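Written below as structure tokens is the structure these notes are about.
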Amino acid sequence: MQRLAFLLVIFLSRPIAPAQDSTLPLKSGSVRFAVIGDMGTGELPQYQVAQRMLDFHQKFPFTFAIMLGDNIYGGKSPADLEKKFEIPYKPLLDAGVQFYASLGNHDDTNERFYKFFNMNGQQYYSFKKGNVHFFALDSDYLDPKQLGWLEKELANAGTDWKICFFHHPLYSSGAFHGSSTELRAVLEPLLLKYGVQVVFAGHEHVYERLKPQKGIYYFTEGASGELRLGNLRKTDLTAAGYDKDRSFLSIEISGDDLSFQAISRTGVTVDSGSFRRPGAEQQAP
Amino acid sequence: MQLGGLTLPTASLLIVFSAVTSAQTPPLSQQPPGFDDFTQRVQQYMKLRKALPNERTTKRQEQIVDRRLSIADAIREARPAAKQGDIFTPESTPEFLKVIRGALRGASGSSVRKTIRQGEPVMGVHLTVNGPYPEHLPRTTVPPTLLLRLPRLPDKLAYRIVDHDFVLQDTEARLVVDFIPGALP
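Here the protein sequences line up with chains A and B, keeping their order. If you're matching positions, the first sequence starts at 1 in this note's numbering and goes up one per residue. If you're matching positions, the second sequence starts at 1 in this note's numbering and goes up one per residue.
Written out as structure tokens, the structure is:
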């Protein structure tokens, strides 16, 4: 009964803006996914972003979502997991959307055993979707073993696209944390050596798309539940950013093209665009 | 009689598993010098750990929590007299302090300190050996350049930084295995 009442409150609290139109190309056979970070609060804004994702799923049927850490803030009891994950994303789970988690500093490493997070008991892991290879890292604990694993995985990845996702941003214009320079010193050489094209991170509770750094595209999406209002100090790194409300990101990869659309809790598109895979041959005119 | 915090019957029983478990902890020859004593204590702990159930993947969080609590209880039962200094022994602690403080002071010290700050460390937490790593605590970020210089740990163990303490945590049991108080200035 309590749960029903809670769901009713959530339903009545839905953002009332119309469902956002997709700017994504929706090409046949494309890889489509959502990106959320720092969402596991169990509070109303998380539910509203989840509802907005569901609305958008009607127009852009993404098949999976990647989670950039801080999946479950605070307590980790069964009731917490229900409130902070299972209830808000239930309609998406019911629609067959799979969630792939990486761990943040507020997560428990035992989340890797939680089947809905698709980590298969691993703190770091990789998976493939079409011509894209994803690498989920645990940036709170980049020990030599994990770095060795990553190098081996990247070296053996035979896909066109290589995408890494983890919690701490290597580049960020966020005022609260900023760039994780030490992690960058350790990770960036591997990303460059093995041709990673895109990196998604959270931790800063804002949305930011960065200008390519040494040829790699970086996105920060750390505002899918939490928010640090007005915390983005746009710098020379910033290509676009949004710190006025919560948000999530949708991505479509078709062949050598990646398209993105960032949408706010209230349904406003706050960033969109596309780019060609670095290293891919240019299209014939 | 105690052996590194283990009761003698438990330690005897676990000798049976030693051949199997030794592969989980990197051998002494692969560890940085000066940590032999620590590595041997960790190997003893992992022998104990091998005899206990492991976590398994499930959609039911209550099963994960139940298993975690039962693993923690079994570890406490097997190490009833465990105390601070059993694994971070007086022999190995100076080596840890040398590495940790060296990393904080060295040429890259400011970025190491920044990494710790960015991990949102929690202050004012009182830890006890065999006690739970508090559920609400962030894991904290352990600087990767520090991890490069420390002995490598088997899968179920991790280093943590809590307040000024340097902690060895059993990650599945969420248990404080040992800690060095005041390791970080």
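From the three backbone atoms N, C-alpha and C, an ideal C-beta is built for every residue, glycine too. Predicted model, so just to flag it, every value in this text is computed and none were measured.
Partners in chain A for residue i, counting only beta-carbon separations shorter than 7 angstroms
i	result
residue 83(B)	Going along chain A, no residue has its Cβ under 7 angstroms from residue 83(B), so there is no contact; the nearest lies around 25 angstroms.
residue 98(B)	Under the 7 angstroms cutoff, chain A gives no residues; its nearest Cβ is about 19 angstroms from residue 98(B).
Alpha-carbon to alpha-carbon, residue j and residue i
i	j	result
residue 177(A)	residue 139(A)	14 angstroms
residue 25(A)	residue 116(A)	29 angstroms
residue 225(A)	residue 162(B)	26 angstroms
residue 62(A)	residue 200(A)	17 angstroms
residue 184(A)	residue 219(A)	14 angstroms
residue 40(A)	residue 77(B)	34 angstroms
residue 17(B)	residue 142(B)	Low confidence applies here, because residue 17(B) scores a pLDDT of 29, under 50, leaving its location unreliable and the question unanswered by this model.
residue 261(A)	residue 97(A)	18 angstroms
residue 212(A)	residue 160(A)	18 angstroms
residue 245(A)	residue 73(A)	19 angstroms
residue 58(B)	residue 281(A)	44 angstroms
residue 129(A)	residue 267(A)	27 angstroms
residue 125(B)	residue 94(A)	41 angstroms
residue 238(A)	residue 210(A)	5 angstroms
residue 39(B)	residue 236(A)	47 angstroms
residue 81(B)	residue 70(B)	18 angstroms
residue 247(A)	residue 156(A)	34 angstroms
residue 279(A)	residue 145(B)	31 angstroms
residue 179(B)	residue 131(B)	11 angstroms
residue 99(A)	residue 118(A)	7 angstroms
residue 234(A)	residue 175(A)	9 angstroms
residue 168(A)	residue 180(A)	6 angstroms
residue 23(B)	residue 170(A)	With a pLDDT of 34 at residue 23(B), under the threshold of 50, the modelled position of this residue cannot be trusted; read the value that follows with caution. Spanning the two alpha carbons is a distance of roughly 34 angstroms.
residue 54(B)	residue 271(A)	44 angstroms
residue 172(B)	residue 194(A)	32 angstroms
residue 86(A)	residue 129(B)	34 angstroms
residue 191(A)	residue 162(A)	9 angstroms
Partners in chain B for residue i, counting only beta-carbon separations shorter than 9 angstroms
i	result
residue 99(A)	Going along chain B, no residue has its Cβ under 9 angstroms from residue 99(A), so there is no contact; the nearest lies around 12 angstroms.
Beta-carbon neighbours of residue i, restricted to chain A and to distances below 9 angstroms
i	result
residue 105(B)	Chain A residues near residue 105(B): none, gap ~15 angstroms exceeds 9 angstroms.
Distance CB(residue i)-CB(residue j) smaller than 9 angstroms
i	j	result
residue 251(A)	residue 49(A)	no
residue 87(B)	residue 133(B)	no
residue 173(A)	residue 222(A)	no
residue 78(A)	residue 61(B)	yes
residue 203(A)	residue 68(A)	yes
residue 274(A)	residue 259(A)	yes
residue 108(B)	residue 182(A)	yes
residue 147(B)	residue 164(B)	no
residue 110(A)	residue 255(A)	no
residue 135(A)	residue 147(A)	no
residue 135(B)	residue 108(A)	yes
residue 175(B)	residue 64(B)	no
Neighbour flag for residue i against chain B, beta carbons, 9 angstroms
i	result
residue 205(A)	no
residue 41(A)	no
residue 185(A)	yes
residue 208(A)	no
residue 182(A)	yes
residue 116(A)	yes
residue 150(A)	no
residue 178(A)	yes
Beta-carbon neighbours of residue i, restricted to chain A and to distances below 8 angstroms
i	result
residue 171(B)	109 and 110
residue 189(B)	Limits of chain B in this structure are 1 at one end and 185 at the other, which puts residue 189(B) out of reach.
Under 8 angstroms by beta carbon: chain B residues contacting residue i
i	result
residue 273(A)	Residues of chain B passing the Cβ test: none, with the nearest at roughly 29 angstroms.
residue 113(A)	55, 56, 57, 58 and 64
residue 105(A)	119, 120, 138, 139, 140 and 141
residue 121(A)	55, 56 and 57
9 angstroms Cβ cutoff, residue i in contact with chain A
i	result
residue 22(B)	Unreliable positioning characterises residue 22(B) in this predicted model, as indicated by a pLDDT of 34, which lies under 50. The coordinate reading is nonetheless provided below. For residue 22(B), the answer is no, since every Cβ of chain A falls outside 9 angstroms of its Cβ.
residue 4(B)	In this prediction, residue 4(B) scores a pLDDT of 39, lower than 50, which makes its location untrustworthy; no coordinate-derived value is stated.
Residues in the region 53-67 of chain B having any Cβ partner in chain A nearer than 8 angstroms = Those residues of the region 53-67 of chain B placed with their C-beta closer than 8 angstroms to a C-beta in chain A are 55, 56, 57, 58, 59, 60, 61, 62, 64 and 65, ordered along the chain.
Give the residues from the region 23-35 of chain A that approach chain B closer than 9 angstroms (Cβ to any Cβ), ordered along the chain.
-> None of the residues of the region 23-35 of chain A has a beta carbon lying less than 9 angstroms from any beta carbon of chain B.
Could you run through the region 141-162 of chain B and flag, in chain order, every residue whose CB is less than 7 angstroms away from some CB of chain A?
-> If the cut-off is 7 angstroms between Cβ atoms, the region 141-162 of chain B has 141, 142, 143, 144, 145, 147, 148, 152 and 158 near chain A.
When you check each C-beta in the region 125-146 of chain A against every C-beta of chain B, which residues fall closer than 7 angstroms?
-> Taking 7 angstroms as the Cβ-Cβ cut-off against chain B, the residues of the region 125-146 of chain A that qualify are 140, 141, 142, 143, 144 and 145.
Which residues, in chain order, does the region 57-81 of chain A contribute to contact with chain B at a C-beta distance below 7 angstroms?
-> Across the region 57-81 of chain A, CB contacts with chain B closer than 7 angstroms involve 74, 75, 76, 77, 78 and 81, in sequence order along the chain.
Contact residues within the region 109-141 of chain B, judged by C-beta distance below 8 angstroms to chain A = Correct list: 111, 112, 114, 115, 118, 119, 120, 135, 136, 138, 139, 140 and 141.
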